[in-house]
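**Student:** Heads up: the sequence shown is residues 1 to 211, going by full-length UniProt numbering. A virtual CB, placed ideally from N, CA and C, is assigned to each residue, including glycine. Being a predicted model, the structure only gives us computed values, none of them experimental.
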Amino acid sequence: MISKIIFRNVIKDILLSYMLKGTIKAGERLSLAQIASDLDVSVTPIREALTQLTETGLVTYKSNRGFFVTELSEQEATEIYEIINLLESEAIRNTTYSAEHIRQLREINKQFSACKDVKDKLHLDKTFHQKLIEKYTNQHALKIVEDIRVRVFIYELEFMNAVSTSDSALMHEKIIDLLEAENTAAAILELGANWKLSVNYIINMYQSKTL
1 MISKIIFRNV IKDILLSYML KGTIKAGERL SLAQIASDLD VSVTPIREAL
51 TQLTETGLVT YKSNRGFFVT ELSEQEATEI YEIINLLESE AIRNTTYSAE
101 HIRQLREINK QFSACKDVKD KLHLDKTFHQ KLIEKYTNQH ALKIVEDIRV
151 RVFIYELEFM NAVSTSDSAL MHEKIIDLLE AENTAAAILE LGANWKLSVN
201 YIINMYQSKT L
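1. Run the CB neighbour count on ASN183, radius 10 Å, all protein chains shown included, and call it buried at 16 or more, exposed below.
2. Among residues of its own chain, excluding the 5 on either side of ASN94, which ones have a beta-carbon nearer than 8 Å to its beta-carbon?
3. Taking DSSP's pairing of strands, which residues face PHE68 in a bridge?
4. Quick check on ALA91: buried or exposed, where buried means 16 or more other Cβ atoms within 10 Å of its Cβ?
5. Do VAL150 and LYS12 come within 8 Å of each other at the CB atom, strictly closer than that value?
6. Looking at the unbroken alpha helix (DSSP H) that takes in SER166, where does it start and where does it end?
7. Could you check the C-alpha separation between THR96 and SER31 for me, to the nearest Å?
8. My assumption, with CB atoms under 8 Å, is that ASP38 sits in contact with ILE14. Please give the rounded CB distance.
9. Inspect the CB distances between the segment 97-105 and the segment 150-161 and report whether three or more fall short of 8 Å.
10. Give the straight-line distance between the Cα atoms of ILE84 and ILE148, rounded to the nearest whole angstrom.
11. Identify, in the order they occur along the chain, each residue of the same chain with its Cβ nearer than 8 Å to the Cβ of ARG106, setting aside the five sequence neighbours on each side.
12. Whose C-beta lies closer than 6 Å to the C-beta of GLN52 among residues of the same chain, with five residues either side of it excluded?
13. Quick one: which unbroken alpha helix (DSSP H) runs of 4-plus residues sit fully inside the segment 72-99? Chain order, please.
14. If you draw a straight line from the alpha carbon of ASP117 to that of SER168, how long is it in whole angstroms?
15. Sort LEU142, ALA141, GLU82, ALA26 by Cα distance to GLY192 and report the nearest one.
16. Can you say whether VAL152 is buried or exposed, counting buried as having 16 or more other CB atoms within 10 angstroms of its CB?
17. With distance defined between alpha-carbon atoms, name the residue in GLU190, ASN204, ASP120 nearest to LEU86.
18. MET205: which of LEU178, ILE133, VAL163, ALA185 sits nearest, CA to CA?
19. In the structure shown, what three-state DSSP assignment does MET1 receive?
20. Which full runs of the alpha helix (DSSP H) of 4+ residues lie inside the segment 96-159, going along the chain?
21. Rounded to the nearest angstrom, what separates ILE154 and SER42 at their Cα positions?
So, in structure tokens, the structure goes:
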């Protein structure tokens with residue numbers, strides 16, 4: 001039997017793939033029957049998995065209405081980008097980067113810089129940030145980061161669909177250079193600027209909608 005945690009992750013990946021394809025959007029109601037049909041299982045484990053996913057913020061349950069993909073908001077974007085930046089910064093501060101680690105970061109960013117497909121760009125950007133902090137030993141902090149990264153993914157989808165990622169790739173490269181030079185403080189500042197690039201776009205997008 002698939003464990004509840006693994007099954008939750010399966011459902012999470014399905015929802016994210018639906019969003020990439022444009023099948024569902026933030027704020028839309030989820031069809032438990034459709035997801036159950038796609039996985040060839042009953043509705044009951046789908047409902048249990050979605051209930052668990054409410055903890056990540058990806059899904060919201062509305063009484064007597066069902067499960068919905070959580071709406072995006074300017075306030076949430078500001079808050080979760082601040083949190084993920086703080087946690088990644090702390091991870092970098094407590095990580096020693098080997099030559100091999102630096103090489104791997106450069107290779108991921110090289111692929112990210114050359115990538116044209118939005119789905120692949122999202123994956124490579126996530127991989128880069130995961131690689132940055134993978135040696136951090138605080139497993140509780142890493143779990144929090146991964147849960148937040150699910151929500152960040154949805155905002156980044158908006159960002160990468162609309163904006164060139166060349167600036168982000170250059171920032172990644174600068175972070176790598178600074179880590180290689182063992183200038184951790186400057187690398188953390190550049191990381192903050194990298195996340196700020198995304199959140200500023202999101203904030204401007206919401207503010208333009210209210211004009």
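**Tutor:** Based on what the coordinates show:
1. Counted from its first residue, the sequence shown places residue 183 at position 183. With fewer than 16 Cβ atoms within 10 Å of its Cβ, ASN183 is classed as exposed.
2. The residue labelled residue 94 in the question sits at position 94 within the sequence shown. Contacts found: TYR136, THR137, ASN138.
3. Numbered from 1 along the sequence shown, position 68 holds the residue referred to as residue 68. DSSP lists ARG29, THR60 as partners of PHE68.
4. Against the sequence shown, residue 91 aligns to sequence position 91. Looking at its Cβ environment, which holds 16 or more other Cβ atoms inside 10 Å, ALA91 is buried.
5. On the sequence shown, position 12 is the one that residue 12 refers to. On the sequence shown, position 150 is the one that residue 150 refers to. Closer than 8 Å, so yes.
6. Taking the first residue of the sequence shown as 1, we reach residue 166 at position 166. SER166 -> alpha helix (DSSP H) spans 166-180.
7. Within the sequence shown, the letter at position 96 stands for residue 96. Within the sequence shown, the letter at position 31 stands for residue 31. Going from the Cα of THR96 to the Cα of SER31 covers about 46 Å.
8. The sequence position of residue 38 within the sequence shown is 38, counting from 1. The sequence position of residue 14 within the sequence shown is 14, counting from 1. Correct: roughly 7 Å between the Cβ atoms.
9. no
10. As a working note, residue 84 is residue 84 in the sequence shown. As a working note, residue 148 is residue 148 in the sequence shown. Using only the alpha carbons, I get a separation of about 7 Å.
11. Here residue 106 corresponds to residue number 106 of the sequence shown, with the count starting at 1. Taken in chain order, the residues that qualify are GLU173, ILE176.
12. What you label residue 52 is simply residue 52 of the sequence shown in a count that begins at 1. Around GLN52: ARG8.
13. 74-93
14. Position 117 of the sequence shown, counted from the start, is the residue given in the question as residue 117. Position 168 of the sequence shown, counted from the start, is the residue given in the question as residue 168. Near 15 Å, if we compare the C-alpha coordinates of SER168 and ASP117.
15. Taking the sequence shown and counting its residues from 1, the one referred to as residue 192 is at position 192. Answer by Cα proximity: GLU82.
16. Within the sequence shown, the letter at position 152 stands for residue 152. The residue in question, VAL152, is buried, as its Cβ has 16 or more Cβ neighbours within 10 Å.
17. Your numbering for residue 86 matches position 86 in the sequence shown. Looking at the Cα atoms, GLU190 is the closest of the given residues.
18. The residue labelled residue 205 in the question sits at position 205 within the sequence shown. The shortest Cα separation from MET205 among LEU178, ILE133, VAL163, ALA185 belongs to VAL163.
19. By 1-based counting over the sequence shown, the position of residue 1 is 1. Because the pLDDT at MET1 is just 41, under 50, the model does not fix this residue reliably, and the point stays unresolved.
20. 99-114, 118-133
21. The residue labelled residue 154 in the question sits at position 154 within the sequence shown. The residue labelled residue 42 in the question sits at position 42 within the sequence shown. Answer to the nearest angstrom: the Cα atoms are 27 Å apart.
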